[in-house]
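S.K.: Residue numbers (the numbering used here), protein chains in the order written: chain Z, 1 to 215; chain D, 1 to 215; chain S, 1 to 239; chain G, 1 to 239.
Even glycine gets a Cβ: it sits at the ideal position worked out from N, Cα and C.
Okay, here's the structure, questions in a sec.
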Amino acid sequence: MDMGDARQIIARRAALEVKSGMVVNLGIGIPSLVPDFLAPEVDVLFQAENGILGMGPTPAVNADGNLSNAAGYPVTLLTGGCYFDSATSFAMIRRGRVDVSILGALQVSADGTLANWIVPGKRVPGVGGAMELAFGAANLIALMTHTEKDGRPKIMRTCTLPVTAYRCVKKIITEKAVFAVTAEGLRLEELLEGTSLEEVRQCTEAPFTLSPQLM
Amino acid sequence: MDMGDARQIIARRAALEVKSGMVVNLGIGIPSLVPDFLAPEVDVLFQAENGILGMGPTPAVNADGNLSNAAGYPVTLLTGGCYFDSATSFAMIRRGRVDVSILGALQVSADGTLANWIVPGKRVPGVGGAMELAFGAANLIALMTHTEKDGRPKIMRTCTLPVTAYRCVKKIITEKAVFAVTAEGLRLEELLEGTSLEEVRQCTEAPFTLSPQLM
Amino acid sequence: MTNKVTTYDHVASLLFDGMTLLFGGFGGVGTPPGLVDTLIQSNVRDVHLVGNDAGFPWVGMGKFIVLGRAKSLVASHIGSNPVAGELMTAGKLQVEFCPQGILVERIRSGGVGLNGFLTEIGKGTHLQYDKPLVTIGDKQFLYEAPITGDIAFVYARKADTFGNLVFDKTARNTNPFVAMAGKVTIVEADEIVEPGALDPEEVVVPGIFVTHIVPSSGYNWKWIWEMPDKLSRDERPSK
Amino acid sequence: MTNKVTTYDHVASLLFDGMTLLFGGFGGVGTPPGLVDTLIQSNVRDVHLVGNDAGFPWVGMGKFIVLGRAKSLVASHIGSNPVAGELMTAGKLQVEFCPQGILVERIRSGGVGLNGFLTEIGKGTHLQYDKPLVTIGDKQFLYEAPITGDIAFVYARKADTFGNLVFDKTARNTNPFVAMAGKVTIVEADEIVEPGALDPEEVVVPGIFVTHIVPSSGYNWKWIWEMPDKLSRDERPSK
């Protein structure tokens, strides 16, 4: 499976987490692909931390330089949506008014600790709004490929990369599996696309239990 | 002199402190009379802490229940004025964007400490925005009758009433005199309406020096 | 988008004894009159109130306070409601005074999900109470705690059915922050419109903070200037 | 009312070496293009920058950052401006990362005249730096210091000549708080109108916070979507 396929698989599975009536914030990377897989009857409000609630799709023509998503790409506003300043935007996030935040991850540990902002010496993107989203979202879902390109695990006992926020992730979705983060640690909930349990065991550093339906 | 006369004299003198281009906040009581004595060519912006910059006079007819000054009385909005929330209102005040704040006082001490919010056991008005105005205004002018009705002084060595804010008053205007508050204490700047220096000495507890033009 | 319009009866069912109730308004201007009446009729008691002031005895939250069913009040002044002062003196209403601009920031701090702030305002005065002192560098500040409420009462000029809000003149005052600080935020709006009817730039409070919306019949009290003989100067709202 | 409209030449005369410069904008959207060019042409150096991000190398404040004349930058991310990362790695630009929502609140805290706030966000992470820990009750919080600037650069959709401001869509972002936090606040506006031409309800920043206003010629860069081949995904603004 190439990386592109994996991203599509992850995004398609993540879309099932999004239900009508929810307010959803999507991070860049894989999460930005999630809307492509939403069923048409799913009526959600997308929040973007640069100041939109009710964000609509990319405009077909005539992009407005003053109307973008948090990644700087042109978007539209749906009927009933509104604009606001950055402080109000993060007030929504910290106060838990965003129901689901779907973020890309570099590593997640067994207790739901998230690392997604820096690979020291390699990439210095900066943390952006990820710390607040991790802190405030009622439900935080982390999306990532199951391993590094060289096969090293990303679901860790303890994150080796600098932490974004501790004990915040509720669910991890990869191209191979879905894990819930519970008080007792990770629980494997689903195997995706014909992946075997053995395969998941081999490429997952963190210990995990099995959901009843997988036993 | 009756109380009403004294209040008019104080307000008329205070009006001379207000110059074109200033942003001015007026407290209730005597300060609210100041606009009556402004020369027509004086172009000031009145700020009210309930959320107006550019407050105009009482409407002749059709008072709007949703447009009042900080005392709850109907006002109007001048051209170019605007409305805002209470946090923005006090941001202006704390950041020193209000040039002059004219407050009523119960007592002022020699170092400019202001008491104007409570007479324990007698009146419990509450502090309102006075603490912020005292803290933030670039220039704070305290207006009060020179003494209590029974003759007890209100310009004190040390305030005996609970303090609103320490070392904040820049000028004291009574019906008898104008004092500047300096690093060395009070300095008598003017005698009003034929008051004698001796009379002021007798009814002022705090020590004061004389401005050169009074020597 | 969720339609949040409901009835005053439903609102009454949400109120409970001992609740912390935040309310918008400044001297009654911008306090939702229908929600105050709903509270009065509810028989709910021991309410912990937080708002700019105690209104007047017949205006704003003052109408409820005079009934003696509030247990405590955090406010910047109560001078315009002499009954509130009497209840306080009689030990029947616990009053905490907070400087006006600090109070609205405490409500905001709760409303935006922060954990309070530092200021020099009020330091060394009676209003310091037992607030913690925090030393940063060589300066000492008062710590002001955030405030949130079980219920928040908000008055808006217009709401769309999702709860996007716009306000009217000086009736805005503390309402935008009260709206953010409620666990359950109830808005009384002069006008309720469909989503899309408000200019997305003019929305002051995004609907995400709003739980319920009821239509207003307008304010149902006489303002002080409509009854000039009733009050001495000292009974008017003070700051 | 004071007329605050001035020229870019006058603005240039207000800038100085070593100044702290706050700027509005999010990934360049809402960063005032004419003011950035004025800064570039000014030869001013050792500038301490505070803003949401480092823009792109050819967009927003990024155009100035790539010149190496900024001494430090407080921002939430710099991933969209690889040159900023190179300058940082080479020790030529001191970068302090701050969570996005915390950064805007720090600017707001300075802008509204408070002395910083407490939060749990970032506690125990690299972004704690040497920020003081404050214990309130049985909880420990990070203290976040307020930020103000010698100069603030703001972009507005419309300004009246007194400086009352309205913004445009997502170009609002941090601009209202940057406007309050400048000792000298300079606004670049798409349209400058007479006092009274703005609806007093729609004003977002009252003119009292604004020092100078200049007319904009519009943004003068190409956005990333106008040059799709130029950037890999990793170079796009990230959060």
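Hey, does Met131 (chain Z) have any beta-carbon neighbour from chain G nearer than 8 Å?
M.R.: Looking up residue 131 (chain Z) in the first sequence gives position 131. With 8 Å as the cut-off, Met131 (chain Z) counts as an interface residue toward chain G.
S.K.: Verify whether the separation of the beta carbon atoms of Ser68 (chain D) and Val29 (chain S) is less than 8 Å.
M.R.: Position 68 of the second sequence, counting from 1, holds the residue named residue 68 (chain D). Position 29 of the third sequence, counting from 1, holds the residue named residue 29 (chain S). The answer is yes: Cβ separation under 8 Å.
S.K.: Could you please tell me which residues of the region 142 to 169 of chain S, in chain order, have their CB closer than 8 Å to any CB of chain Z?
M.R.: Listed by position, the residues of the region 142 to 169 of chain S near chain Z (Cβ gap below 8 Å) are Asp160, Phe162, Asn164.
S.K.: I want to check one thing, is the minimum distance from the CB of Asn116 (chain D) to the heavy atoms of the ligand PLP below 7 Å?
M.R.: In the structure on display, the ligand PLP does not appear, and there are no ligands present to speak of.
S.K.: Please tell me whether Asp5 (chain D) has its Cβ less than 8 Å away from any Cβ of chain S.
M.R.: Residue numbering aside, residue 5 (chain D) sits at position 5 when the second sequence is read from its first letter. For Asp5 (chain D), the answer is no, since every Cβ of chain S falls outside 8 Å of its Cβ.
S.K.: For Glu235 (chain G) and Ile208 (chain S), I'd like the C-alpha separation in whole angstroms.
M.R.: Here residue 235 (chain G) refers to the residue found at position 235 when the fourth sequence is read from its first residue. Here residue 208 (chain S) refers to the residue found at position 208 when the third sequence is read from its first residue. Summary for Glu235 (chain G): the model assigns pLDDT 46, below 50, so the residue's position carries little reliability; its value from the coordinates is reported in the next sentence. The straight-line gap from Cα to Cα measures roughly 32 Å.
S.K.: Helix or strand or just coil, what does DSSP make of Met1 (chain G)?
M.R.: Taking the fourth sequence and counting its residues from 1, the one referred to as residue 1 (chain G) is at position 1. DSSP places Met1 (chain G) in coil when its eight states are reduced to three.
S.K.: Going straight from the alpha carbon of Thr125 (chain S) to that of Gly136 (chain D), what length do you get?
M.R.: Along the third sequence, read from residue 1 onward, the residue named residue 125 (chain S) stands at position 125. Along the second sequence, read from residue 1 onward, the residue named residue 136 (chain D) stands at position 136. Whole-angstrom Cα-Cα distance: 16 Å.
S.K.: Quick check: what's the CA-CA separation for Glu198 (chain Z) versus Asp2 (chain Z)?
M.R.: The count along the first sequence starts at 1 and reaches residue 198 (chain Z) at position 198. The count along the first sequence starts at 1 and reaches residue 2 (chain Z) at position 2. Their Cα atoms are separated by approximately 21 Å.
S.K.: Where do the ends of the beta strand (DSSP E) carrying Ala48 (chain Z) lie?
M.R.: Within the first sequence, residue 48 (chain Z) is the residue found at index 48, counting from 1. Residues 45 to 48.
S.K.: Enumerate in chain order the residues of its own chain whose CB-to-CB distance from Pro153 (chain Z) is below 7 Å, with the five nearest sequence positions on each side excluded.
M.R.: For the purposes of this step, residue 153 (chain Z) is taken as the residue at position 153 of the first sequence. If we look at Pro153 (chain Z) and ignore the five residues flanking it on each side, its Cβ neighbours are Thr147, Cys203, Thr204, Glu205.
S.K.: With DSSP run on the structure shown, which of helix, strand or coil describes Arg69 (chain G)?
M.R.: To locate residue 69 (chain G), count along the fourth sequence from 1; it is residue 69. Three-state result, Arg69 (chain G): coil.
S.K.: So what's Pro237 (chain S) in DSSP terms, helix, strand or just coil?
M.R.: Translated into positions along the third sequence, residue 237 (chain S) becomes position 237. Caution applies to Pro237 (chain S), whose pLDDT of 41 falls short of 50 and renders its modelled position unreliable; the model cannot decide the point.
S.K.: Give, in chain order, every residue of the region 33 to 64 of chain D whose Cβ lies closer than 8 Å to some Cβ of chain S.
M.R.: Cβ contacts with chain S: Ala48, Glu49, Asn50, Gly51, Ile52, Ala63, Asp64.
S.K.: Listed from N- to C-terminal order along the chain, which residues in the region 170 to 188 of chain S have their beta-carbon within a distance smaller than 9 Å of any beta-carbon of chain D?
M.R.: So the close ones are Thr170, Ala171, Arg172, Asn173, Thr174, Asn175, Pro176, Phe177.
S.K.: Identify, in the order they occur along the chain, each residue of the same chain with its Cβ nearer than 7 Å to the Cβ of Ile192 (chain S), setting aside the five sequence neighbours on each side.
M.R.: On the third sequence, residue 192 (chain S) is found 192 positions in, with the first residue counted as 1. Excluding sequence neighbours, Ile192 (chain S) sits near Val5, Ala159, Thr161, Ile213, Pro215.
S.K.: Classify Ala90 (chain G) as buried or exposed, calling it buried when 16 or more other Cβ atoms lie within 10 Å of its own Cβ.
M.R.: Your numbering for residue 90 (chain G) matches position 90 in the fourth sequence. With fewer than 16 Cβ atoms within 10 Å of its Cβ, Ala90 (chain G) is classed as exposed.
S.K.: List the DSSP bridge partners of Met55 (chain Z).
M.R.: Here residue 55 (chain Z) refers to the residue found at position 55 of the first sequence. DSSP output for Met55 (chain Z) lists Z:Leu77 as bridge partner(s).
S.K.: Could you tell me which chain Z residues have their CB closer than 7 Å to the CB of Phe209 (chain S), listed as they occur along the chain?
M.R.: Indexing the third sequence from 1 puts residue 209 (chain S) at position 209. Chain Z residues near Phe209 (chain S): Arg97.
S.K.: Could you give the distance in angstroms between the alpha-carbon of Asp17 (chain S) and the alpha-carbon of Gly60 (chain S)?
M.R.: Taking the third sequence and counting its residues from 1, one reaches residue 17 (chain S) at position 17. Taking the third sequence and counting its residues from 1, one reaches residue 60 (chain S) at position 60. Their Cα atoms are separated by approximately 20 Å.
S.K.: Which runs of the alpha helix (DSSP H) spanning at least 4 residues fall entirely within the region 144 to 188 of chain G, listed in chain order?
M.R.: Counting whole runs of 4 or more residues, the region 144 to 188 of chain G contains the alpha helix (DSSP H) stretches 175 to 181.
S.K.: Could you please give the first and the last residue of the uninterrupted beta strand (DSSP E) stretch that includes Ala36 (chain G)?
M.R.: As a first step, residue 36 (chain G) is located in the fourth sequence; it is residue number 36 there, counting from the start. In the sequence as displayed, the identity of residue 36 (chain G) is Val instead of Ala. Segment 33 to 42 is the alpha helix (DSSP H) holding Val36 (chain G); no beta strand (DSSP E) there.
S.K.: Measuring straight from C-alpha to C-alpha, what distance separates Gln213 (chain D) and Ala189 (chain G)?
M.R.: Within the second sequence, the letter at position 213 stands for residue 213 (chain D). Within the fourth sequence, the letter at position 189 stands for residue 189 (chain G). For Gln213 (chain D) and Ala189 (chain G), the distance between alpha carbons rounds to 50 Å.
S.K.: Going by CA-CA distance only, name the one from D:Ser20, D:Met22, D:Gln107, D:Asp150 that's closest to Thr160 (chain D).
M.R.: Within the second sequence, numbered from 1, the residue matching residue 160 (chain D) stands at position 160. Comparing Cα-Cα distances from Thr160 (chain D) to each of D:Ser20, D:Met22, D:Gln107, D:Asp150, the minimum goes to D:Gln107.
S.K.: In chain Z, which residues lie less than 8 Å from Val203 (chain S) when you measure between Cβ atoms?
M.R.: As a first step, residue 203 (chain S) must be located in the third sequence, where it is residue number 203. Neighbours of Val203 (chain S) on chain Z, chain order: Cys82, Tyr83, Phe84.
S.K.: Which residues of the region 148 to 163 of chain D have a Cβ closer than 8 Å to any Cβ of chain S? Give them in chain order.
M.R.: The residues in question are Pro162, Val163.
S.K.: Might you give, ordered along the chain, the residues of its own chain that have their beta carbon closer than 6 Å to the beta carbon of Phe26 (chain S), omitting 5 neighbours on each side?
M.R.: On the third sequence, position 26 is the one that residue 26 (chain S) refers to. These residues qualify, in order along the chain: Asn52, Asn173.
S.K.: Is there a Cβ from chain Z that is less than 8 Å from the Cβ of Trp223 (chain G)?
M.R.: On the fourth sequence, residue 223 (chain G) is found 223 positions in, with the first residue counted as 1. Closer than 8 Å to some Cβ of chain Z, the Cβ of Trp223 (chain G) qualifies, so yes.
S.K.: When you compare the CB of Gln100 (chain S) with every CB in chain D, is at least one pair closer than 8 Å?
M.R.: Here the question's residue 100 (chain S) lines up with position 100 in the third sequence. Chain D contact via Cβ: present.
S.K.: Beta-carbon separation of Thr148 (chain S) and Leu114 (chain G) under 8 Å?
M.R.: Numbered from its first residue, the third sequence carries residue 148 (chain S) at position 148. Numbered from its first residue, the fourth sequence carries residue 114 (chain G) at position 114. Against a cut-off of 8 Å, the Cβ pair of Leu114 (chain G) and Thr148 (chain S) comes out as no contact.
S.K.: Where does Pro35 (chain Z) sit, in a helix, a strand or coil, going by DSSP?
M.R.: The residue labelled residue 35 (chain Z) in the question sits at position 35 within the first sequence. In this structure, Pro35 (chain Z) counts as helix in the three-state DSSP scheme.
S.K.: Buried or exposed: Lys63 (chain S), going by 16 or more other Cβ atoms within 10 Å of its Cβ?
M.R.: Your numbering for residue 63 (chain S) matches position 63 in the third sequence. Lys63 (chain S) is buried by the Cβ-count criterion.
S.K.: With C-beta atoms as the reference, is Val166 (chain G) less than 8 Å away from Val210 (chain G)?
M.R.: Sequence index remark: in the fourth sequence, residue 166 (chain G) carries index 166 (1-based). Sequence index remark: in the fourth sequence, residue 210 (chain G) carries index 210 (1-based). It is not a contact, given that the beta carbons lie outside the stated cut-off.
S.K.: Would you kindly check if the distance between the Cβ of Val154 (chain G) and the Cβ of Tyr143 (chain G) is under 8 Å?
M.R.: The residue labelled residue 143 (chain G) in the question sits at position 143 within the fourth sequence. The residue labelled residue 154 (chain G) in the question sits at position 154 within the fourth sequence. The answer is no: Cβ separation not under 8 Å.
S.K.: With three or more C-beta pairs closer than 8 Å as the rule, is the region 120 to 133 of chain D touching the region 181 to 198 of chain D?
M.R.: Because the criterion of three Cβ pairs below 8 Å is not met, the region 181 to 198 of chain D and the region 120 to 133 of chain D do not touch.
S.K.: Determine the burial state of Ser241 (chain S): buried for a count of at least 16 other Cβ atoms within 10 Å of its Cβ, exposed for fewer.
M.R.: Outside the displayed span of chain S (1 to 239) sits residue 241 (chain S), for which this structure offers no information.
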